[in-house]
Structures are given as structure tokens and as C-alpha cells.
Amino acid sequence: MSSIIQLLPDHVANQIAAGEVVQRPASVVKELLENAVDAKATDIKLIIKDAGKSLVQVIDNGLGMSVTDARLCFERHATSKIRQAEDLFSLCTKGFRGEALASIAAIAHMEMKTKQDQEELGTHIVIEGSKFVSQEVAVLPKGTSFAVKNLFFNIPARRNFLKSDTVEFRHVMDEFQRVALAHPNIHFTFYHNGSELYNLPIAGYRQRIVGIMSGKTNEKLVPVNEDTEIINVQGFVSKPEFAKKNRGEQFFFVNDRFIKSGYLHHAVMAAYDGLLKDGCQPSYFLYLQVPPNTIDINIHPTKTEIKFDDEQALYAILRASIKHSLGQFNVSPVLDFDRDANLDTPYYYKDLEAETPTIQVDGTFNPFTDDKTNQHYSKSGSGSSSGGSNSGSGSYSGYSKRVEPAVSWESLYVGLETDTIESSPFTFENEEVTSSLFNDDEVEQANKKTYQIHKKYIVSPIKSGMIIVDQHRAHQRILYEQFLLNMTVNQASSQQLLFPLNLFYSSSEMALIEELKPSLETTGFVFDGAEADHIVISGIPVNITESEVSLVIEQLLSDLQDGIPASSYSQNDTIAKSMAKSLAVKTGSYLTEKEQDNLVNGLFACKDPNISPFQKPTFITMRVEDIDKKFAL
Ligand code: ADP
Ligand code: MG
């Protein structure tokens, strides 16, 4: 049989390559704008018609091209930006593949005018479907103009595949905004069907962002600035109260190139943890500068995804610097995050520093004493008794062995004292019952401070009316803060098990647990030995029962399915949330009056009592006036 393999002619190869580079008019816009930026232009005009389907024109005042280069630039793999493979590691330009112009010329009618500053005359070239139609000498201003008409004229299938003008225009707009945001030192103008959409003078980042987004953006922005050896971060993030339901205004630029990164996005979201309403997204405009040899831009044809050498460090730096900015500009909530020298902000409360040593140390605790007096249900102001629950005001601890799981969750609130109420945002009602309408029994009834309704809510009168607490969420908040505090500030005590627990897991789960061990140990877990398929637990946190252990770990493994967060802060946070979720008293559980009291007091002793760790409200208030209004109907 005769041989059948042939080399494809250039114009066919270019058309195929165009499939990768040019998907739609917006791709042409991106390539031409980036070429103009690479040519060091200080003024760039973008002119489009019919969302770019009929015309995309980019006019720049950059370096221009010589006669030879003007011809060569349409060849595939023709580039002035790299000469050897090593140059890929020190890229400072947007382009480097030398493919864009060849690809675009293969699937459109293209006209180019270009002149270098030092030349008298420039070059005017017309090329259609990779064929040179004409080349002339012309009188031109300095710089280059590319006009791309009738995109996909020779590939009807691709042309038909284009979306409506509205959709294609949106894509063009996105590309324009990305380039214009990345280069505030360039004057950009943008015209669509003859009308001017943008005229953005040379400016700083803030002005450029405001120029592109809208006048109102200015008041929403908080600056971020961080300079470290491996990265410089500059830019702006929005104050949490301006968070939106969609992810519209989120931009990362790395070395002036717009990029997408789920990982860095996660770092930003972690900085906002606890500050956003459910499902809301902050805006951000973050400009990262890193040494070019620490990134690999080459992993995606459109170069919007890049690989960093030290992603984890970038994550930590980004999160910490944003968190710092939000804190500095007073937009953090009650929780006060402070910075650590290693930039990995730990969770601790500034104002707690002085109390730290006394909070949760219980020298006398004996987990084997099955003595009810160990469990401080008492709210009497006399402080801790024999069990030694040395609660400082506003804290609580649970140094009691839980014997009856069904009823003993309340031990988590032991040590709460009446005066903790004073730290709460509410003044509880002072119940001096003066009316003789009540007999003694009723007076006692009236002294009751909390009521449980539907085994779900705790209602309690306060001076201004009443509060209704969601028991499950409130308990989650209490446990969450308690675990975090133990993990970051104090070492938690643990209760030793008489018979160590053997729990079996798959090898991937074992690997996860292995990684989590150090954090789990800070919550009070004690691990014995290392086996291939199971863990041996000889000690557990004081506020867990033996029967809850496997549930807690199960939940943790499922919460960490997507991987363990890189920084220790997020790791602790995830573990604390997960354990709070597993252990919080459920809706449908009956609570004794004492338990209800402890729950309410415990909640208001928290640093951030208003929301659950999962950003849900923990309680609502009803003012007397509101109730009055209802009766007035
Ligand atoms: P790349 O940008 O990857 O080098 P392109 O196909 O986009 O590849 O461009 C090819 C070459 O044409 C560039 O390397 C550059 O030398 C030249 N060029 C393209 N656009 C311009 C422009 N606006 N001004 C000056 N030179 C340009
Ligand atoms: Mg290019």
C-alpha cells in the first residue's frame, strides 16, 4: 500500500491552531490588547462593531514593527518575546507563543498598519485567510493598528456557533476590563458601534478600579498591602457589608496578568470567614507580583491559569494580609484577629491574653470520679467548688466525665456564673414581682428565666423584651469557640479511657487522620501507637463521650474530603467547626431549666454570640413594642 501521510499546508495548520487560540471575538480582543501592552504602548484604543463579530480593531502608540517584522509576525511561532526555552522562566511579556496573529489571520480578514518611531514611513498589510492580499508603504503615526473583520468568514460552523451579540459583548467587556485593570498606567478607550464606553486616563489602581466598576465602588474598598520576599500583594478588597450574591468583581493579577485561581480565591474567602452573609461574595482586585521564575504560565493555552512554586505560602500570606486589612479598617466583627509574625494569623483574642493561664487549668480534675458534684450546674456566684472548674468570667469549661450521654451534654456549660450575663449585650429582666396577683408558687414560676419551646428554642425575657435562642446553633457557637480556644491558646485536658478505643479506617482515611493528629491532640485526643489500618485512642476531649468519638471522626473525615486546609489556622477552624457540628445538642432534645440557663449564658459569654460557626443567626430578639404592636391590631 502506498504511503498516505502528508504535512498539512500552513494555512490549514493555522486554522487548526486558531481553534485553540480564537474561540470568539473576545479572544481576538485579548490577544490584540496584550500585544499592544507588550509593545509598551501608553495609549490603546479598542473599537468593536456588533460585539466584535464584524470588527475588532486595536490601535496602539507602541513600538511598531519594521517592514520585515510586519510580514513575519503573521507566521506561526513567530515571536520577538522569547529566543530560547530558558526565556520561558523569566517571562515579562503577555505573549510568547507567537501563535495569535497567525491564528487570527487564518480565520478572518485582517488589516495591519504599523510604524516604528524612528522610521519615516510605515507598512500597511492586508491578509485574508492566511493569504497576503497586499503590502504597501504608507504614511502612518507611530504604533500599530490591527483591524480584524468578519471573524470565522471561512469557517461557517464556527461563526454559527457564536452566541448572541449580548453574550459575545459581555465576553469582550470581560477581556477589556481585565487588561485595563491590570494596566492603570495605560490610557484605554473603548468604543462599541460608534459610542464611547470607556475613556480611562492613566491612573493609580484605585482610580482605575473605580473608573471601570462604577463611582460607588470607591467607598466599598479597603486597601491591601503586603511585601514579603516571595510575593508583593497590593490591591483592594470590599468591605464585608458590600458583599454580593454573585461573583462578578473578583480579580487576581499575577505580574500584571489576569489569572483564575480557585486556590487563591479560597484564601481570600478564608480571610472573610465569619464576616459574610450566607452565600455572599466579596469583591476583590488583587495585584500579586512574584519573581517570574517561580511561576509557570504555560499550563493553559489562554494563559489564565498559572502554577506557583510555593502555593501554600502564597495562600497564607494572602489570607493574612487581607484579614489584617479588614481588621485595620475596622470591618471585623466582635472576633478580633491579630497577626502573627509568621503571617499565619492564629485565632486568639487580644483581650484574653491576661486571663489565659487561669482559664482552663484544672489541677484537681479526676476523670474517674463519678461524682455529680463535679458537675457544676450551679450558677451560684461562689465560684468553683470541689470539681475545680476554674471558670474566669466569660468562659466555661467542662471538666467532668460524662457518664450518662443522654443527659450530660450540659456539662459543657459548667462553671458559668451569673455574672457572665453582665458581659452579654442584653440586660436580663430584673424580676421583682410586686403584684399581689401572684401567690408564692407563681412568684417562683415568675423567677424562671428561660423556657424551652418545641424542644428547639429557648425563650428568655430581657429588659427590652425577649430573646429566642436556637438551641442547636447556640450550642454550636459555644463548642466552636471552646475548641478553637483550646487548640490555639490552651492545651485541652483529656479524659483517659479505661480501655483504649480501636477504630478502623481505609488507607486514605488513615492518611488524613495521620495529618490531623497534631491538631486533634490539641483538642484533647490522645493517640497510642501507629497501625496501618486503625487508630488507637487512649484519651479523648473532656466534652465528648466515648460513644461519640467515632461519630466525631467520621464527620471530620467527611468535612475534610476535599483535602486538609494548608494553613494551621484553617485546619483548626475546620476541625472546630466539624466537632461543634457533631456534638451540638440537636433540635428535638429536651433541656432542663439548668441546661437552658447554661446554654443562654454560655452563648452570651461567647466572643461572637450572634452567629453560628456556619454563619446562621443564633438568636433573635423581640422588643416589647413589637409585641405591643401585635396586640394593637
Ligand atoms: P506573541 O505575542 O506570542 O509573540 P503574536 O502572534 O501575538 O505572538 O505576535 C507576534 C509578534 O508580532 C510579537 O512577538 C511582536 O513582535 C509582534 N507584534 C504583535 N503585535 C504587535 C504590536 N501591537 N506592536 C508591535 N509589535 C507587535
Ligand atoms: Mg501575542
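The opening position of the sequence shown corresponds to residue -18 in the working numbering, with each subsequent residue numbered one higher. For glycine and all other residues, C-beta sits at the position ideal for the given N, C-alpha and C. Keep in mind that this is a model prediction, so the values were computed, not measured.
Worksheet item: So does G76 have its beta carbon nearer than 7 Å to some heavy atom of the ligand MG?
Response: Taking the first residue of the sequence shown as position 1, residue 76 is located at position 95. Because some heavy atom of the ligand MG lies under 7 Å away, the Cβ of G76 counts as near it: yes.
Worksheet item: Going by alpha carbons, who is nearest to V205 out of A252, Q552, G192 and E527?
Response: Position 224 of the sequence shown, counting from 1, holds the residue named residue 205. Cα-wise, what sits closest to V205 is A252.
Item to complete: Could you tell me the boundaries of the alpha helix (DSSP H) in which M468 lies?
Response: Your numbering for residue 468 matches position 487 in the sequence shown. Counting along the chain, the alpha helix (DSSP H) containing M468 begins and ends at Q452 to T469.
Discussion item. Does L267 come out as helix, strand or coil in the three-state DSSP assignment?
Written reply: For the purposes of this step, residue 267 is taken as the residue at position 286 of the sequence shown. Strand.
Worksheet item: Mind checking whether the beta-carbon of N16 lies closer than 7 Å to any heavy atom of the ligand ADP?
Response: Here residue 16 is taken as the residue at index 35 of the sequence shown, counted from 1. Flag set: Cβ of N16 near the ligand ADP.
Discussion item. If you measure between the beta carbons of F289 and T275, is that distance less than 8 Å?
Written reply: Taking the first residue of the sequence shown as 1, we reach residue 289 at position 308. Taking the first residue of the sequence shown as 1, we reach residue 275 at position 294. Yes, they are a contact pair.
Worksheet item: Going by DSSP, which residues form a beta bridge with M603?
Response: Along the sequence shown, one-based indexing puts residue 603 at 622. M603 pairs with M447.
Practice prompt. Reducing DSSP to helix, strand and coil, say where P273 ends up.
Written response: Locating residue 273 in the sequence shown gives position 292, counting from the first residue. Three-state result, P273: helix.
Discussion item. Quick check on the DSSP output: the beta strand (DSSP E) that includes T285 runs from which residue to which?
Written reply: By one-based count along the sequence shown, residue 285 stands at place 304. T285 -> no beta strand (DSSP E), and no H or E assigned at all.
Worksheet entry | Contacts around A557, its chain only, beta-carbon distance under 6 Å, and the 5 residues preceding and following it disregarded | One-based indexing of the sequence shown puts residue 557 at position 576. Around A557: Y461, F464 and L465.
Practice prompt. Measure the alpha-carbon distance for E230 versus L497 and round it to whole angstroms.
Written response: Counting from 1 along the sequence shown, the entry for residue 230 is found at position 249. Counting from 1 along the sequence shown, the entry for residue 497 is found at position 516. Their backbone Cα atoms lie some 35 Å apart in a straight line.
Practice prompt. Compare the beta carbon distance of L580 and H453 with 8 Å and say whether it is the shorter of the two.
Written response: Position 599 of the sequence shown, counted from the first residue, corresponds to residue 580. Position 472 of the sequence shown, counted from the first residue, corresponds to residue 453. No, Cβ-Cβ distance for L580 and H453 is not below 8 Å.
Worksheet item: On the three-pair Cβ rule with 8 Å, is the region 470 to 489 touching the region 505 to 518?
Response: yes
Fill in: Any non-hydrogen atom of the ligand MG closer than 7 Å to E512 Cβ
Within the sequence shown, numbered from 1, the residue matching residue 512 stands at position 531. Not one heavy atom of the ligand MG is found less than 7 Å from the C-beta of E512.
Practice prompt. In the DSSP assignment, find the unbroken alpha helix (DSSP H) run with G192 in it and report its ends.
Written response: Position 211 of the sequence shown, counted from the start, is the residue given in the question as residue 192. Counting along the chain, the alpha helix (DSSP H) containing G192 begins and ends at Y186 to M194.
Worksheet item: Which residue from Y244, A248 and R228 puts its Cα closest to that of C261?
Response: The residue you call residue 261 lines up with position 280 of the sequence shown. Of all alpha-carbon atoms in Y244, A248 and R228, the one lying nearest the alpha-carbon of C261 is that of R228.
Worksheet item: Where are the alpha helix (DSSP H) runs, 4 residues long or more, that stay fully inside the region -17 to 12, in chain order?
Response: Listed in chain order, they are -9 to 2.
Discussion item. Please report the distance separating the alpha-carbon of I434 from that of E292.
Written reply: The sequence position of residue 434 within the sequence shown is 453, counting from 1. The sequence position of residue 292 within the sequence shown is 311, counting from 1. C-alpha separation (whole angstroms): 50 Å.
Worksheet item: Which residues in the same chain as D73 place their Cβ atom closer than 8 Å to its Cβ, once the five residues preceding and following it in sequence are excluded?
Response: Taking the sequence shown and counting its residues from 1, the one referred to as residue 73 is at position 92. The question names Asp, but residue 73 is Cys in the sequence shown. Result list for C73: N236 and P273, in chain order.
Fill in: Residues sharing a beta bridge with T49, DSSP
Position 68 of the sequence shown, counted from the start, is the residue given in the question as residue 49. Answer by DSSP bridge pairing: none, since T49 is not bridged.
Worksheet item: How big is the Cα-Cα spacing for T209 and R238?
Response: As a position in the sequence shown, residue 209 is number 228, starting the count at 1. As a position in the sequence shown, residue 238 is number 257, starting the count at 1. Cα to Cα, the separation comes out at about 20 Å.
Practice prompt. Kindly identify the DSSP beta-bridge partner or partners of Y432.
Written response: Residue numbering aside, residue 432 sits at position 451 when the sequence shown is read from its first letter. DSSP output for Y432 lists V440 as bridge partner(s).
Worksheet item: What do you get for N180, buried or exposed, if any count of 16 or more other CB atoms within 10 angstroms of its CB means buried?
Response: By 1-based counting over the sequence shown, the position of residue 180 is 199. So N180 counts as exposed.
Practice prompt. Determine the direct distance from the alpha carbon of I516 to that of Q552, and round the result to whole angstroms.
Written response: Residue 552 sits at position 571 when you count from the first residue of the sequence shown. Residue 516 sits at position 535 when you count from the first residue of the sequence shown. One C-alpha to the other measures close to 20 Å.
Discussion item. Any heavy atom of the ligand ADP inside 7 Å of the beta-carbon of A81?
Written reply: Numbered from its first residue, the sequence shown carries residue 81 at position 100. Yes, the ligand ADP has a heavy atom inside 7 Å of this Cβ.
Worksheet item: Of the residues G124, R458 and V440, which one's Cα is nearest the Cα of V450?
Response: By one-based count along the sequence shown, residue 450 stands at place 469. Nearest of G124, R458 and V440 to V450, Cα basis: V440.
Worksheet item: Can we count E490 as close to the ligand MG, meaning its CB is less than 7 Å from some heavy atom?
Response: To locate residue 490, count along the sequence shown from 1; it is residue 509. Outside the cutoff, so no.
Fill in: Per-residue DSSP class, three states only, for Y486
Here residue 486 corresponds to residue number 505 of the sequence shown, with the count starting at 1. In the structure shown, Y486 adopts coil according to DSSP, grouped into three states.
Worksheet item: Does at least one heavy atom of the ligand MG sit under 7 Å from the Cβ of E496?
Response: The sequence position of residue 496 within the sequence shown is 515, counting from 1. Not so, every heavy atom of the ligand MG lies at least 7 Å from the Cβ.
Item to complete: Tell me whether the beta-carbon of V2 lies closer than 8 Å to the beta-carbon of E80.
Response: The residue given as residue 2 occupies position 21 in the sequence shown. The residue given as residue 80 occupies position 99 in the sequence shown. Using a Cβ distance threshold of 8 Å, V2 and E80 count as a contacting pair.
Discussion item. Which complete alpha helix (DSSP H) runs does the region 493 to 566 hold, if anything under 4 residues is left out?
Written reply: 530 to 540 and 549 to 564
Worksheet item: Shortest alpha-carbon distance to V218 belongs to which of I212, V153, I211 and T198?
Response: Walking along the sequence shown from the start, residue 218 turns up at place 237. Ranking I212, V153, I211 and T198 by Cα distance to V218 puts T198 first.
Discussion item. Taking CB distances under 8 Å as the criterion, tell me whether P546 reaches chain C.
Written reply: No chain C appears in the structure shown, which is made up of a single protein chain.
Fill in: C54 to A83 span [Cα, whole Å]
On the sequence shown, position 73 is the one that residue 54 refers to. On the sequence shown, position 102 is the one that residue 83 refers to. Their Cα atoms are separated by approximately 7 Å.
Discussion item. Less than 8 Å between the beta carbons of I28 and L36, yes or no?
Written reply: Position 47 of the sequence shown, counted from the start, is the residue given in the question as residue 28. Position 55 of the sequence shown, counted from the start, is the residue given in the question as residue 36. It is a contact, given that the beta carbons lie within the stated cut-off.
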